[in-house]
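Before any comments, here is the structure.
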Amino acid sequence: MAAPTIVSRADHPISRTRIDPDALRVLYRLRKFNHTAYLVGGGVRDLLLDRRPKDFDIGTSAHPHEVKRIFRNCWIIGRRFRLAHVKFGSKTIEVATFRRQVESPPAAPPGASPAARSAAVPPEAHAAARSAAPPEVPAAEGGVARRAPVRRDNTFGTPEEDAFRRDFTINALFYDIATFAIIDYVGGMKDLRRRLIRCIGEPGERFHEDPVRMLRAVTFGSRLGFRLDAPVREAIAEHHGLIAQAAPARLLEELYKILRGGLAARTFGSLSRRGLLQHLAPEVERRRNSRRLRRSLLALDAWRAGFDAAPDSLSNAILLGSLTVPVQEIDLAPRPREDRTPRLSLGDLPVPRRDIERLRQILLLQPRLVDPRLPARAARGILTRECFPDALTWLRIHGEDPEAVARWEDLAAQGPGQSRRRRPGRRRRGRRRRRSRTDEPQP
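Each position in the sequence shown, counted from 1, maps to that position plus 1135 in the working numbering.
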């Protein structure tokens, strides 16, 4: 394997002052226990692009249980690949052990007997392949067998091997806290300067391993303003249907990330042009040119632009409604609790019933929020509703009524009990106690 490109501190803009202090604490503590530890992935990419990272992930030579022994505030998660989550209050620093790509055993010559095929492969290769290499899926007659999606992936390796298994070159850069240098095994620094999304390895094979990589490629291109490498574009055009094989819950989470990221209008347009949106959300694809849909996504992006990071008030129900309300009718009629029929659909994605129900409550409140003649007693009741914060956020994003927003923000600041205060200068008369018979004067 070729030696990496080392970019010294003088030749890159990353400073420790821009790295999360808890991430630095994890890096230094891992090094204290003689483990290699680098800041990896999107955090390095965003710092190099002078963007604020969403996450600060760490790659290390320490195995998950070793990380857990070092940090008492650590939890191990994951099935396909074990990860260590180090908790600092509500913040999580993800620590992943360096991984390696285990190739399938080499094939014997055509026509060889099963015994010859088995003898051609060393025993250790058989064991490694069984533990880590994804099985091949038979292709149609005359086709070529392809590799199945990776299901389990707990084969650890070196930093070099870890870099070559990542999806795109711009996500495979390491920042070394010991030397303050960037370590580049795959040409990621060059691609950052070229503003290029390029796969590590053959794109078609990487997309077969994990179809969600196609979605991520388009998302990165839209978010960063980068262009897709020609082989990446061609592989997406050929294999976009594979996205339907990805885990539906994971796809739904990716859609929420896009909507929460602040460039939803641009990203959904790119997904449609690349042929992916028709498999993810056919209802949206059919109305992709709808002016109402574009206005909704642009309003969401404009409101999100007012924050450095996605605020907690931007709930999944609001994101779901911003995408679906412009393209389908939402059933707002009351129904029995036992009626489980979905009120909206988003392809085959498993939209949680709680998100749909919260969206329904948000929409039901909107006419009352914009009613300037709403009685004070009704307003007090709305302020105590559990869905009121979400409904007010929806009004801010999609309501186009700044006066109503200001009115409800003022009421919310006062609290639901404020409107019940007595006017100054008036004394409330106490209730007269009814005199009992025992209190009556005796003759």
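From the three backbone atoms N, C-alpha and C, an ideal C-beta is built for every residue, glycine too.
Straight through space, the alpha carbons of P1383 and I1335 are spaced by roughly 25 Å.
The beta-carbon distance between I1211 and R1217, rounded to whole angstroms, is 6 Å. This is short enough to meet the 8 Å contact definition. Between I1332 and F1309, the gap from beta carbon to beta carbon reaches 7 Å or more. The Cβ-Cβ distance between L1412 and E1420 falls below 7 Å. Put simply, the stretch 1441-1456 does not touch the stretch 1345-1360. Fewer than three CB pairs are less than 8 Å apart. Distance between E1544 and P1551, taken at the CA atoms: about 12 Å. Here T1195 is near L1165, since their CB atoms are less than 7 Å apart.
For a cut-off of 8 Å, the C-beta gap from D1181 to R1234 is around 22 Å, too long to register as a contact. Burial is judged here by how many other beta carbons sit within 10 angstroms of a residue's own beta carbon; L1467 has fewer than 16 and is exposed. For T1290 and E1464, the gap between their C-alpha atoms comes out near 48 Å. Between the C-alpha atoms of R1160 and A1197 there is a straight-line separation of about 16 Å.
When secondary structure is reduced to three states using DSSP, F1291 falls in the strand class. Per the DSSP secondary-structure output, T1195 pairs in a beta bridge with A1172 and T1232.
The closest CA to that of H1533, considering only A1137, R1214 and P1502, is found on P1502. In the displayed model, D1466 falls within coil according to three-state DSSP, outside both helix and strand. A Cβ-Cβ separation of about 13 Å leaves A1316 out of contact with S1150 under the 8 Å criterion. The Cβ atoms of D1443 and R1187 sit closer than 7 Å to each other. The shortest CA-to-CA distance from A1370 to any of V1462, L1363, G1396 and P1338 is the one to P1338.
In the structure shown, the three-state DSSP call for D1447 is coil.
Counting only unbroken stretches of 4 or more residues, the alpha helix (DSSP H) elements lying wholly within the stretch 1290-1323 are 1294-1300, in sequence order.
Look at D1490 here: in three-state DSSP terms it is helix. Taking 4 residues as the shortest admissible run, the stretch 1501-1541 contains the following complete alpha helix (DSSP H) segments, listed from N- to C-terminal end: 1511-1518 and 1523-1533. Between L1428 and P1471, the gap from beta carbon to beta carbon reaches 7 Å or more.
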